[in-house]
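Everything below concerns the one structure shown next.
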Amino acid sequence: MKTRKQASNISVKKSARSTTRKPARKSAKGGAKSIIEPCSLDGIFRPRSVAVIGASSTKLTIGRQILHNLIQGEFQGKVFPVNPHADVIHSIKAYPSVLDIPDPVDLALVIVPREHVAKVVEECGKKGVKGVVVISAGFKEAGAKGREMEQKVLAIVRKYGMRMIGPNCFGIVNTEPGVNLNGTFGKTFPKRGNVAFVSQSGALGEAIMVHAQEAHLGFSMFASIGNKADISGNDLLEYWANDPGTEIILMYIENFGNPRRFIKIARELSRTKPIVVVKSGRTAQGAKAASSHTGALAGLDVGADAFFEQTGVIRVDTVEQLFDVASALSHQPIPKGPRVMIATNAGGPAILATDSLISHGLETPQLSDATKKKLRAKLPPEVNFSNPLDLIAGAGPKEFESALKILKSDRRYDAIVPIFVPPITVDPSEVSQAITDGVKGGNKTVLSCFMGVRSGSEGVNVLKENGLPVYRFPDAIAKTLERLVWYNNWLERPRGSIHIHEVNSAKVRKIIKKAESKGQREIVGAEALEIVAAYGIDVAEYHEAASVTDVVSLADKLGYPLVMKINTPRILHKTDVGGVAVDLRTADEVRSAYESMEKKVARHSSDEDFSVVLQKMIRGGVETVMGMTMDPTYGPLIMFGLGGVFVEVMKDVSFRVCPVSDVTAERMIESIKSYPLLAGFRGSKPVDKQALMSGLMRLSQIVNDFDDFSEIDINPFIASSRKGESCVVDARFLLRDKGETK
Ligand SMILES: Nc1ncnc2c1ncn2[C@@H]1O[C@H](COP(=O)(O)OP(=O)(O)O)[C@@H](O)[C@H]1O
Ligand SMILES: [Mg+2]
0 MKTRKQASNI
10 SVKKSARSTT
20 RKPARKSAKG
30 GAKSIIEPCS
40 LDGIFRPRSV
50 AVIGASSTKL
60 TIGRQILHNL
70 IQGEFQGKVF
80 PVNPHADVIH
90 SIKAYPSVLD
100 IPDPVDLALV
110 IVPREHVAKV
120 VEECGKKGVK
130 GVVVISAGFK
140 EAGAKGREME
150 QKVLAIVRKY
160 GMRMIGPNCF
170 GIVNTEPGVN
180 LNGTFGKTFP
190 KRGNVAFVSQ
200 SGALGEAIMV
210 HAQEAHLGFS
220 MFASIGNKAD
230 ISGNDLLEYW
240 ANDPGTEIIL
250 MYIENFGNPR
260 RFIKIARELS
270 RTKPIVVVKS
280 GRTAQGAKAA
290 SSHTGALAGL
300 DVGADAFFEQ
310 TGVIRVDTVE
320 QLFDVASALS
330 HQPIPKGPRV
340 MIATNAGGPA
350 ILATDSLISH
360 GLETPQLSDA
370 TKKKLRAKLP
380 PEVNFSNPLD
390 LIAGAGPKEF
400 ESALKILKSD
410 RRYDAIVPIF
420 VPPITVDPSE
430 VSQAITDGVK
440 GGNKTVLSCF
450 MGVRSGSEGV
460 NVLKENGLPV
470 YRFPDAIAKT
480 LERLVWYNNW
490 LERPRGSIHI
500 HEVNSAKVRK
510 IIKKAESKGQ
520 REIVGAEALE
530 IVAAYGIDVA
540 EYHEAASVTD
550 VVSLADKLGY
560 PLVMKINTPR
570 ILHKTDVGGV
580 AVDLRTADEV
590 RSAYESMEKK
600 VARHSSDEDF
610 SVVLQKMIRG
620 GVETVMGMTM
630 DPTYGPLIMF
640 GLGGVFVEVM
650 KDVSFRVCPV
660 SDVTAERMIE
670 SIKSYPLLAG
680 FRGSKPVDKQ
690 ALMSGLMRLS
700 QIVNDFDDFS
710 EIDINPFIAS
720 SRKGESCVVD
730 ARFLLRDKGE
740 TK
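Residue numbers for the sequence shown follow numbering that gives the first Met the number 0, beginning at 0 and rising by one.
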């Protein structure tokens with residue numbers, strides 16, 4: 000069996016991944032200390048002895064199967080069946096309790112009815128057991144009583160400093176030579192390989208083993224974590240970060256227990272070990288009523304999208320796709336780009352493949368003259384020398400091998416897709432062998448499609464055994480390549496750094512305290528602009544005024560033209576109530592704007608002092624918006640988009656999870672549809688992108704420093720083409736209800 004490193008068509012590649020493949024604990028640049036620290040799971044995954052508590056001699060029981068699997072899998076340590084009612088189980092001496100075992104015990108697999116779990120786990124603690132895997136179900140997943148029992152078991156685990164996987168799980172596997180631990184009750188045996196798999200669902204356990212076998216995918220470790228009472232997916236990521244046998248991590252998870260921790264670990268780990276996650280990703284976000292633009296614009300899946308974009312975690316929609324992507328990652332190099340060459344004996348499927356590749360953002364460039372010439376010298380003249388290269392129906396092993404030998408070294412392509420539909424005259428296993436020989440020594444990603452050949456048949460096994468993944472339909476290949484190219488792009492992107500600016504956070508704290516003491520949930524007008532300015536974001540010059548005399552004398556000081564705005568937390572969107580007067584050019588215009596606003600506000604709220612913000616009118620520039628909203632799963636999201644009063648109509652925004660690095664800020668700006676308007680459209684000058692990036696990073700710093708806000712809108716941030724002239728003219732902060740749980 001081949002691992003990633005051994006696969007022949009990997010040796011030549013020099014990907015971002017291969018150059019950074021050193022212990023994940025050290026970060027690739029600068030040797031800064033990584034957040035990925037090893038954790039103490041060796042007692043569970045590398046035990047020297049295992050007790051099976053609830054072992055049974057009755058066939059077709061979990062207690063029998065798990066014992067059988069340990070032995071059948073040639074576990075390298077000692078095995079002790081524990082059962083108070085039997086002296087011998089499966090030909091091995093059994094003990095009434097773990098306390099009766101004369102030797103030390105590292106790991107206990109617990110399969111007793113739920114009422115007995117607390118008692119046996121307590122005994123494990125007394126015995127000095129390091130880790131327990133509780134297979135038994137009927138805990139948190141089964142209602143209030145079960146939840147209570149789970150808490151009790153967890154308290155015992157903590158009391159003795161043990162670690163626990165489960166309850167309610169399928170067990171664990173470590174195929175490492177010297178360990179050989181199959182602690183599952185499945186019927187299918189995992190092979191050794193470079194893939195670690197964590198599944199939240201126990202029920203999927205057996206299905207995962209079967210699929211893996213079909214795909215010739217080998218596991219380094221596997222863990223079904225069930226209710227995650229103690230050990231979570233995050234713990235396993237940290238553990239596998241430091242496991243030399245693990246090169247790829249697959250996750251089937253229904254929820255991220257602690258998404259912020261996941262983000263921290265994954266962002267680092269994805270650099271050296273690809274992580275693939277099945278996540279359907281529908282959150283409750285959409286149901287929440289939002290009062291800011293940013294909140295209203297955060298669609299159902301923006302948090303998830305941002306999260307994957309920033310961490311480099313490869314997202315797939317189905318378990319099938321998880322295996323499709325994993326088979327490619329496990330044995331093949333990551334494609335360096337989107338250019339695919341198809342070689343086929345069947346025209347129709349090749350057209351399907353082309354369509355599917357193109358619709359997934361891949362490219363199928365035509366053959367170069369040089370390559371055509373080489374191909375013509377080796378292939379019959381009826382062949383269609385283009386991409387797809389149609390070798391025609393009679394093509395057999397010889398044609399495939401000759402064609403692939405030439406194509407594998409053509410720099411024009413990043414991936415090769417051989418497609419074969421067997422005619423009765425050709426033996427598929429010979430074509431399998433020919434493809435294998437043809438691509439040997441190349442450095443491109445090779446994903447083959449054998450249509451109408453049974454999976455697991457001899458015809459395709461030659462390929463699979465040689466580390467060449469086989470797919471049944473071209474569509475699966477297109478989807479897989481799309482994911483791999485996405486990952487490669489992520490790897491090649493500069494890492495970015497999170498800047499810490501010098502700011503006046505004490506001032507912001509004061510403004511928040513003041514609003515809270517007045518029972519206010521909103522901070523608007525002058526105070527909102529003060530927060531923005533305290534974090535070093537330029538604000539258009541403004542003054543507050545509370546009388547006609549004041550407003551006129553301030554106007555003279557500021558200089559015309561001016562903008563006047565009502566200044567009250569009772570009114571969130573000022574324009575909606577006629578609370579913004581722009582382009583005031585004389586003292587008279589200022590005076591009459593003031594008087595008419597005073598009247599309008601009296602209509603909306605009679606109970607407070609009236610004041611306005613008088614602000615310099617900014618001419619030209621492009622109105623952009625920056626904001627923050629809370630995602631229930633991924634925490635605070637930072638938004639950027641085209642701004643102004645029509646922001647919700649345009650819906651042209653991008654989101655990222657907090658904190659935002661310089662690289663992320665730049666991508667947020669460049670990824671909106673109307674980016675050309677910012678980059679200089681039809682002769683207009685490009686806006687100062689650095690000012691926008693700095694604004695986003697400083698906003699991210701506000702969010703990082705204060706968890707008091709639930710939503711923020713900085714709208715508009717007027718982006719100017721002239722350096723030093725971009726500025727904010729309006730902002731709004733909503734305070735989190737401190738009664739809410741965070
Ligand atoms: N100082 C200013 N210079 C130029 N235009 C402004 C200025 N202040 C506001 N505007 C214009 O008025 C619009 C609404 O003003 P804003 O202060 O954002 O109030 P609100 O969002 O509460 O309606 C802005 O989107 C912008 O087009
Ligand atoms: Mg506004």
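Cβ coordinates follow ideal geometry from the N, Cα and C atoms, glycine included.
| Item | Value |
| --- | --- |
| Unbroken alpha helix (DSSP H) run spanning K615, endpoints | Here K615 belongs to no alpha helix (DSSP H); instead the beta strand (DSSP E) covers V611 to K615. |
| Contact shell at 5 Å, judged by CB to any heavy atom of ligand 2, ordered along the chain | N714 and D729 |
| DSSP state of Y251 mapped onto helix, strand, coil | strand |
| K512 versus R266 - alpha carbon distance | 35 Å |
| When G723, P635 and V562 are compared against R735, the one with the closest alpha-carbon | P635 |
| Nearest-angstrom Cβ-Cβ length linking T583 and Y559, presumed shorter than 8 Å | Correcting the residue type first, residue 583 is Leu in the shown sequence and not Thr. The pair is a contact, with the Cβ atoms about 7 Å apart (cut-off 8 Å). |
| Closest by C-alpha distance to F384, when choosing among I230, K158 and A402 | A402 |
| Stretch pair the region 166–180 + the region 206–220: three plus CB contacts closer than 8 Å | yes |
| Closest residue to T628 among T317, K443, V301 and N254 (Cα-Cα distance) | V301 |
| Segment contact flag, the region 224–238 with the region 475–490, C-beta cutoff 8 Å, min 3 pairs | no |
| I637 beta carbon less than 9 Å from that of L698 | yes |
| L553: CB within 8 Å of a non-hydrogen atom of ligand 1 | no |
| Neighbour-count burial assignment, P332, 16 or more Cβ in a 10 Å radius | buried |
| Alpha-carbon to alpha-carbon, Q309 and A31 | Because the pLDDT of A31 is 36, which lies under 50, any placement of that residue in the model is unreliable, and the question is left without a value. |
| Ligand 1 heavy atom lying under 8 Å from the CB of H215 | no |
| Opening and closing residue of the beta strand (DSSP E) in which F218 lies | F218 to S223 |
| Proximity below 9 Å, CB of F196 to CB of Q64 | no |
| Contact check, G395 vs A345, beta carbons under 9 Å | no |
| Start-end ranges of the beta strand (DSSP E) lying completely within the region 695–741, minimum 3 residues | 708–718 and 730–734 |
| Outcome for R681 when other beta-carbon atoms lying within 10 angstroms are tallied against a minimum of 16 | exposed |
| Beta-carbon proximity check, V104 vs V133, cutoff 9 Å | no |
| Cβ-Cβ separation, A342 to L268 (assumed contact under 8 Å), whole Å | Actually they do not touch by this definition, with Cβ atoms about 36 Å apart. |
| Sequence-distant residues of its chain with Cβ nearer than 7 Å to E140 (five each side left out) | N167 and N226 |
| Residue of N257, A136 and S56 minimising C-alpha distance to A85 | S56 |
| Bridge partner(s) assigned by DSSP for N181 | V172 |
| Contact between the region 488–498 and the region 458–475 (3+ Cβ pairs under 8 Å) | no |
| Contact check, M563 vs A580, beta carbons under 9 Å | yes |
| Spatial neighbours of A327 in its chain, beta-carbon cut-off 7 Å, leaving aside the 5 residues before and after | T444, L446, P468, T479 and L483 |
| Selection from F322, A154 and G160 that minimises the alpha carbon distance to L40 | G160 |
| Exposure label - H115; buried when at least 16 CB within 10 Å | exposed |
| Inter-residue spacing [alpha-carbon to alpha-carbon] between G244 and V461 | 25 Å |
| Beta strand (DSSP E) runs wholly inside the region 615–694, at least 3 long, in chain order | 621–630, 634–641 and 652–656 |
| V564 CB to nearest heavy atom of ligand 1 below 8 Å | This sequence places Lys at residue 564; Val is not what is there. Yes. |
| Under the three-state DSSP convention, the category F74 falls into | coil |
| Per DSSP, the bridge partner or partners of F306 | Beta-bridge pairing links F306 to no other residue. |
| Test item: CB-CB of Q766 and I264 under 9 Å | Absent from the structure is residue 766, since the part of the chain shown begins at 0 and ends at 741. |
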